[in-house]
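Chains as they are written, first to last, in this note's numbering: chain A, 1 to 106; chain B, 107 to 219.
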């Protein structure tokens with residue numbers, strides 16, 4: 001089955017810093033989504049981005065489908081950005097990576 | 107934004123007991139999923155359901171598990187005889203179509219004692 005690798009596994013940022021999270025995947029897919037899992041365990045859909053670039057406030061994402069990777073950019077990080085960020089890819093069903101655990105400290 | 111609703115939010119059960127986790131997908135969605143997440147680990151696919159039947163299942167989804175759509179709105183996951191290792195957060199999710207955005211419910215935290 002499809003393999004999904006996320007890096008880095010853990011990230012600690014000072015509030016206000018920028019960061020880039022990466023997702024590599026092993027096969028061609030027609031669906032890629034980024035999720036944020038908050039401290040209460042909820043999975044919040046950030047982007048549906050099988051290709052191209054999207055922006056939503058301080059977050060943006062880029063997927064280069066031909067090279068099988070996606071990037072999630074977080075700018076001017078805030079403590080509320082803390083949590084685990086998952087990339088999920090596939091055709092159906094979506095396969096999740098192991099996530100990047102982000103801690104933003106004041 | 108429309109929501110996927112899951113009940114209960116927490117369920118505690120004794121090993122060997124049956125549990126039913128309930129989900130109300132978004133009303134016009136056609137594809138339904140159950141995923142689970144053991145504490146501190148990644149989110150794992152269990153089963154997908156389309157057109158009133160299972161379309162795909164993982165190796166985790168053994169004979170102890172079953173899914174049902176008993177009416178036009180509910181989607182349930184049943185675990186017949188729970189084991190300690192079934193303790194996890196169980197997420198329901200739905201798509202309008204398989205290439206679109208997947209919406210997750212808030213999850214049911216299952217604790218098997």
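Think of the CB as a built atom: it goes at the ideal place given N, C-alpha and C, for glycine as much as any other residue. Quantities reported herein were computed from a predicted structural model and do not represent experimental measurements.
Is residue j closer than 8 Å to residue i when the C-beta atoms are compared?
{"i": "residue 64 of chain A", "j": "residue 25 of chain A", "result": "no"}
{"i": "residue 224 of chain B", "j": "residue 213 of chain B", "result": "Only positions 107 to 219 of chain B appear in the structure, and residue 224 of chain B is not among them; the question remains open."}
{"i": "residue 87 of chain A", "j": "residue 14 of chain A", "result": "no"}
{"i": "residue 99 of chain A", "j": "residue 148 of chain B", "result": "yes"}
{"i": "residue 82 of chain A", "j": "residue 17 of chain A", "result": "no"}
{"i": "residue 180 of chain B", "j": "residue 130 of chain B", "result": "yes"}
{"i": "residue 217 of chain B", "j": "residue 193 of chain B", "result": "yes"}
{"i": "residue 124 of chain B", "j": "residue 184 of chain B", "result": "yes"}
{"i": "residue 219 of chain B", "j": "residue 182 of chain B", "result": "no"}
{"i": "residue 210 of chain B", "j": "residue 43 of chain A", "result": "yes"}
{"i": "residue 199 of chain B", "j": "residue 139 of chain B", "result": "yes"}
{"i": "residue 101 of chain A", "j": "residue 10 of chain A", "result": "yes"}
{"i": "residue 160 of chain B", "j": "residue 150 of chain B", "result": "no"}
{"i": "residue 97 of chain A", "j": "residue 4 of chain A", "result": "yes"}
Name, in chain order, the residues that DSSP records as bridge partners for residue i.
{"i": "residue 140 of chain B", "result": "B:153 and B:198"}
{"i": "residue 4 of chain A", "result": "A:25"}
Where do the N-terminal and C-terminal ends of the beta strand (DSSP E) with residue i fall, by residue?
{"i": "residue 36 of chain A", "result": "31 to 37"}
{"i": "residue 52 of chain A", "result": "52 to 56"}
{"i": "residue 13 of chain A", "result": "10 to 14"}
Can we say the segment 66 to 82 of chain A touches the segment 172 to 181 of chain B, given the rule of at least three CB pairs closer than 8 Å?
With a cut-off of 8 Å, the segment 172 to 181 of chain B and the segment 66 to 82 of chain A do not count as touching, because too few Cβ pairs lie within range.
According to a CB-to-CB cut-off of less than 8 Å, which residues of the segment 77 to 103 of chain A neighbour chain B?
So the list reads 86, 88, 91, 92, 93, 94, 95, 96, 97, 98 and 99, given in the order they occur along the chain.
Members of the segment 23 to 57 of chain A that neighbour chain B once the beta carbon cut-off is set at 7 Å:
Within the segment 23 to 57 of chain A, the qualifying residues are 30, 31, 33, 41, 42, 43, 45 and 48.
Specify whether the segment 24 to 41 of chain A and the segment 111 to 119 of chain B touch according to this definition: at least 3 beta carbon pairs, one from each stretch, less than 8 Å apart.
Contact fails between the segment 24 to 41 of chain A and the segment 111 to 119 of chain B, because fewer than three Cβ pairs, one in each stretch, are under 8 Å apart.
Residues of the segment 153 to 183 of chain B with a CB closer than 7 Å to any CB of chain A: list them in chain order, please.
Hits within the stretch, in order: 154 and 162.
Chain-ordered residues of the segment 125 to 139 of chain B with a beta carbon less than 8 Å from chain A
Listed in chain order, the positions of the segment 125 to 139 of chain B with a beta carbon within less than 8 Å of a beta carbon of chain A are 137 and 139.
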